[in-house]
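Report on the structure given below.
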Amino acid sequence: MGSISRWNSSMRAKALIHFDLSIPSSSSSSLSTSRRPPFDKINARLSRDAARRKHRGTLSKYMLQLYHRRPDADVVRAIQPVHTSSLLSDGGRILEFAIPSTGVDETLEAAELLGIAGAIVRVRSLNDLSSSTMKNGSEEIRKLRKDNAWRAFDVTSIVAGRNGDIVKLYVHGRLTYHPYGDGPILLLNYNKIRGVRRHRRSAEDQEDQDRWDDELPRRRRRNSCRRRPMYVDFALIAYDEWVVAPPGYEAYQCTGKCFFPLSDHLSPTKHAIVQTLMHGALQASEDLRGNKFISRACCVPTRLAPTSLLYLDARGTLTYEYGYEDMVVSECGCR
C-alpha cells in the first residue's frame, strides 16, 4: 500500500473503488475535451462521427433511458475519465475526472459513480463521508440504487465544491479495464436556480383569439398572424452531429399578416400599432409624403418555450437537459 499512501497525502478527493471488470468494453476511444461549440461551423466531420459512434455505446443507452423517463434533475452530465494512471503496485489505478465549470444558475444536487451491473462491486472512500459505514479502516460509500443493468454509488461529497477542478479516484481492477468503454462514469445532476416562471398561454388568451377569428372575414382569418406547425428534422439541418435525441421536434412558426385593428392576443407594441395604421393609410392615399413604402408590422414569436434534449455540449460531454431554452414557439404577435 506504499503507492496509495503517497497519493493519499496529495489528493483532495479520493475513493477506493473495487470493480469486477470481466465485462468486455464496447469501445476504447476517447473524446477530445477541446471540441468546438456545436453551433460553430465544424470541419472535422470524422471526429464528430467518431464521437457520435462512441456515444451510441452501452452507457449512452443509459442516458437515452434517462431522456425518456424524465429525471428529477434539470441537467445531467455524463463525465468520462480524462486520464488513467499506470498500474500501481497493488494493481490499482488512479482515474481523473474533469468536473465541468457551470454557471451561477446551476447547483450540483447529486453525483453518482455509475457502472454496469456486475462491474462495480463496492465503493470505498478514504474521506470522512457521513453517509458511509466504517469497515477495514475505510468507509464504504452508500449504494444509491440498482437495477438489472446498472449500479450507482453516491459520490456527491467527493465531487461537491470541485467546480472546474479535477477529481481523482483510486480504482482497483483488472488489467482489462478500459476507462473509455462501458464505464465507469460520473453522473452529475444539476438543478437550475429558478427565476420568473414562464407564462403559459391561458384559456383566456385562446378565447380572445377564437373570438377575434370569428369576427374577422374568412380571408383575413386564414391569413392572419398565428402559430402554425413547423417540424424540425435535426438530420436535415446537420444538427444530428451534436443532438443525440430526439431526432426532431415540433418547434412551430409564426406566419401570417398583421391586420388592423390588431387583436389583444397578438400583444402588439405601440410601434406595431402605429406602423400598421401608417401602412393602411398610405395604401388608401396617393399622397405618400416621402414614404415610398411602409410595410405591415411583422408576425414574430413573442414567447418561446424550452424542450428536452440529449446532446454533446461544447466540451464534448454527453448532456441531458430538460429545459433547453427558446426552442419552441408558444405565442405569436405583431412587432
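If you're matching positions, the sequence shown starts at 1 in full-length UniProt numbering and goes up one per residue.
Glycine included, every Cβ here is placed at the ideal spot set by N, Cα and C.
All values reported here derive from a predicted model rather than from experimental measurement.
Cα separation between residue i and residue j?
{"i": "L169", "j": "L312", "result": "24 Å"}
{"i": "M278", "j": "H271", "result": "10 Å"}
{"i": "L87", "j": "L310", "result": "35 Å"}
{"i": "N163", "j": "V155", "result": "14 Å"}
{"i": "R200", "j": "L95", "result": "Only weak support exists for where R200 lies, its pLDDT of 45 falling under 50; the value from the coordinates is given anyway. Going from the Cα of R200 to the Cα of L95 covers about 46 Å."}
{"i": "I237", "j": "S89", "result": "52 Å"}
{"i": "P268", "j": "V274", "result": "10 Å"}
{"i": "V232", "j": "S85", "result": "44 Å"}
{"i": "S83", "j": "F97", "result": "Residue identity check: residue 83 is His in the sequence provided, not Ser. Approximately 7 Å between the Cα atoms of the pair."}
{"i": "E325", "j": "S308", "result": "9 Å"}
{"i": "A281", "j": "L266", "result": "21 Å"}
{"i": "D72", "j": "A110", "result": "11 Å"}
{"i": "residue 338", "j": "G161", "result": "Outside the displayed span of the chain (1 to 335) sits residue 338, for which this structure offers no information."}
{"i": "Q65", "j": "V243", "result": "15 Å"}
{"i": "R227", "j": "V76", "result": "32 Å"}
{"i": "Y320", "j": "P306", "result": "13 Å"}
{"i": "R194", "j": "M230", "result": "29 Å"}
{"i": "G316", "j": "E241", "result": "11 Å"}
{"i": "S157", "j": "D264", "result": "52 Å"}
{"i": "F293", "j": "L108", "result": "55 Å"}
{"i": "S295", "j": "F259", "result": "11 Å"}
Going by the beta-carbon positions, is the gap between residue i and residue j smaller than 9 Å?
{"i": "R69", "j": "Y322", "result": "no"}
{"i": "A251", "j": "T276", "result": "no"}
{"i": "P301", "j": "C334", "result": "no"}
{"i": "V159", "j": "L114", "result": "no"}
{"i": "L186", "j": "A78", "result": "yes"}
{"i": "S223", "j": "K192", "result": "Sequence check: residue 223 is Asn here, not Ser. Not a contact, by the Cβ cut-off of 9 Å."}
{"i": "D74", "j": "E106", "result": "yes"}
{"i": "Y62", "j": "W150", "result": "yes"}
Tell me where the alpha helix (DSSP H) around residue i begins and ends.
{"i": "I158", "result": "T156 to V159"}
Name the residue from the options whose alpha carbon lies nearest to the alpha carbon of residue i.
{"i": "P261", "options": "A235, L309, A305 and C225", "result": "C225"}
{"i": "V329", "options": "S267, G316, L304 and V159", "result": "L304"}
{"i": "D165", "options": "V155, L187 and P100", "result": "P100"}
{"i": "P81", "options": "M327, L318 and Y324", "result": "L318"}
{"i": "M327", "options": "K61, Y62 and Y249", "result": "Y249"}
{"i": "A235", "options": "P229, P246 and R227", "result": "P246"}
{"i": "T102", "options": "S157, Q253, V232 and Y190", "result": "Y190"}
{"i": "C254", "options": "P306, C299 and D240", "result": "C299"}
{"i": "P184", "options": "A152, L108, E109 and K61", "result": "A152"}
I'd like to confirm the pairing. Which residues does DSSP put opposite residue i in its beta bridges?
{"i": "N189", "result": "V76 and A110"}
{"i": "L310", "result": "A245 and Y320"}
{"i": "Q253", "result": "R228"}
{"i": "R303", "result": "E331"}
{"i": "T84", "result": "L95"}
For the beta strand (DSSP E) that residue i lies in, which residues bound it at each end?
{"i": "G333", "result": "L318 to C334"}
{"i": "residue 336", "result": "The structure shown has nothing for residue 336, since the chain only spans 1 to 335."}
Counting only beta-carbon atoms, is residue i nearer than 9 Å to chain D?
{"i": "T317", "result": "The structure shown has no chain D; it contains just one protein chain."}
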